[in-house]
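S.K.:
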Amino acid sequence: MSESSKLTIEQAEQDGKYMRRIRSFVKREGRLTKGQAASIEKCWPTMGLTHDMGMLNFEDVFGNNNDVVLEIGFGMGKSLVEMAKNNPHLNYIGIEVHKPGVGACLMDADAQGVTNLRLFEHDAVEILADCIPDGSLATLQLFFPDPWHKKRHHKRRIVQLEFAESLRSKLRIGGVFHMATDWENYAEHMLEVMSQAPGYENTSETNDYVPRPDHRPLTKFEQRGHRLGHGVWDLMFKRTA
Ligand SMILES: C[S@@+](CC[C@H](N)C(=O)[O-])C[C@H]1O[C@@H](n2cnc3c(N)ncnc32)[C@H](O)[C@@H]1O
């Protein structure tokens, strides 16, 4: 980076822009399959949401007042589509930065005739801040987030105290933040962060993990984890204040 552009970024940081410099993902430019590209073209006009729409009105988006479940980092979207299909009385919003994942999810949703699902292709942290009204969500889902195995990368893990705080403001009181991971060290990290975060109650009877609820389908990453002999940890924290 040239000295002058470095100075410009430093100035922008001082001015309060680029506040969040550490991201939880590295954007992979994976190629779209023909099917994914065709599904984006066909379904995006009805199922796509964009950051520049600003703060959403869910009733306008879905045409009803049903409870809204938001999933961060849905990958290829298989389990998200399955949940949306199994729960037509709920509305689902998925956020993913990986375009082929968005295409795959739309293709699956279209094939399954799912209509209660909308997607963003964008950084979830920005969408939560700019597009999701406070106190509006019944459930937030974060399944198998990138574990960032190396200690020096732990700061990239999306579950941090500040993140927990921003999620809490989006949940309604009594709403639940549901996490799952197949990486034990990340499960411990989630438990530590969420136990410290104010305004949440752990729904676990043993004050740590919960059994996988039936409504969470097995994801691709989880199946892979099973094959590798990993355990899986589910955590559910309820907003109390
Ligand atoms: C390990 S994958 C798990 C995908 C899926 N939940 C599953 O279980 O199969 C994590 C996903 O989170 C996405 N991701 C990471 N940080 C994100 C962010 N800030 N906003 C949106 N998506 C994000 C990545 O692109 C990736 O697809």
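Quick note on numbering: the sequence shown equals residues 413 to 653 in the working numbering.
For each residue, glycine too, the CB sits at the ideal point set by N, CA and C.
1. Alpha carbon to alpha carbon, how far is H463 from L531?
2. Among residues of its own chain, excluding the 5 on either side of G547, which ones have a beta-carbon nearer than 6 angstroms to its beta-carbon?
3. For a test of your reading of the model: does the CB of H638 fall under 7 angstroms from any non-hydrogen atom of ligand 1? Yes or no.
4. Judging by CA-CA distance, which residue of I452, Y504, A653 is the nearest neighbour of R580?
5. Mark D620 as exposed unless 16 or more other C-beta atoms lie within 10 angstroms of its C-beta, in which case mark it buried.
6. Taking the alpha carbon of A576 as the reference point, which residue from T445, P559, Q553 has its own alpha carbon closest?
7. What I want to know is whether the C-beta of I570 ends up closer than 7 angstroms to one or more non-hydrogen atoms of ligand 3.
8. Regarding F575 and ligand 1, is the C-beta to nearest heavy atom distance less than 7 angstroms?
9. Can you give the Cα-Cα distance for E508 and G442, rounded to whole angstroms?
10. Do V605 and L573 come within 8 angstroms of each other at the CB atom, strictly closer than that value?
11. Please classify E494: does DSSP put it in a helix, a strand, or coil?
12. Which ranges does the beta strand (DSSP E) cover as unbroken runs of at least 3 residues, wholly within the segment 503 to 566, from first to last along the chain?
13. Rounded C-beta distance between P557 and I570? I'm assuming under 8 angstroms.
14. Look at N503 and V480 and say whether their C-beta atoms are less than 8 angstroms apart.
15. Report the rounded CA-to-CA distance for E596 versus T618, giving the unit in angstroms.
16. Using the beta-carbon count (16 or more within 10 Å), is L482 buried or exposed?
17. Specify the secondary structure class of W645 as computed by DSSP and reduced to three states.
18. Taking T551 as the reference, give the member of A450, R628, M519, H601 with the closest Cα.
19. Report the residue from R651, R636, N469 whose alpha carbon sits nearest the alpha carbon of A609.
20. Residues in its own chain within less than 6 angstroms of F555 by CB, not counting five upstream and five downstream?
21. Counting along the chain, where does the alpha helix (DSSP H) carrying M459 start and finish?
22. From R435, K446, D535, N498, pick the residue whose C-alpha is nearest to that of A521; which is it?
23. Can you find a heavy atom of ligand 1 that lies under 7 angstroms from the Cβ of A541?
24. Tell me the residue span of the beta strand (DSSP E) that contains N654.
M.R.: To lay it out plainly:
1. 11 angstroms
2. R584
3. no
4. A653
5. exposed
6. Q553
7. Summarising the ligand content, the structure contains ligand 1 and does not contain ligand 3.
8. no
9. 13 angstroms
10. yes
11. helix
12. 503 to 508, 529 to 533, 549 to 555
13. 5 angstroms
14. yes
15. 17 angstroms
16. buried
17. strand
18. R628
19. R651
20. A592, T631
21. 446 to 459
22. N498
23. no
24. With the chain covering 413 to 653 only, the question about residue 654 has no answer from this structure.
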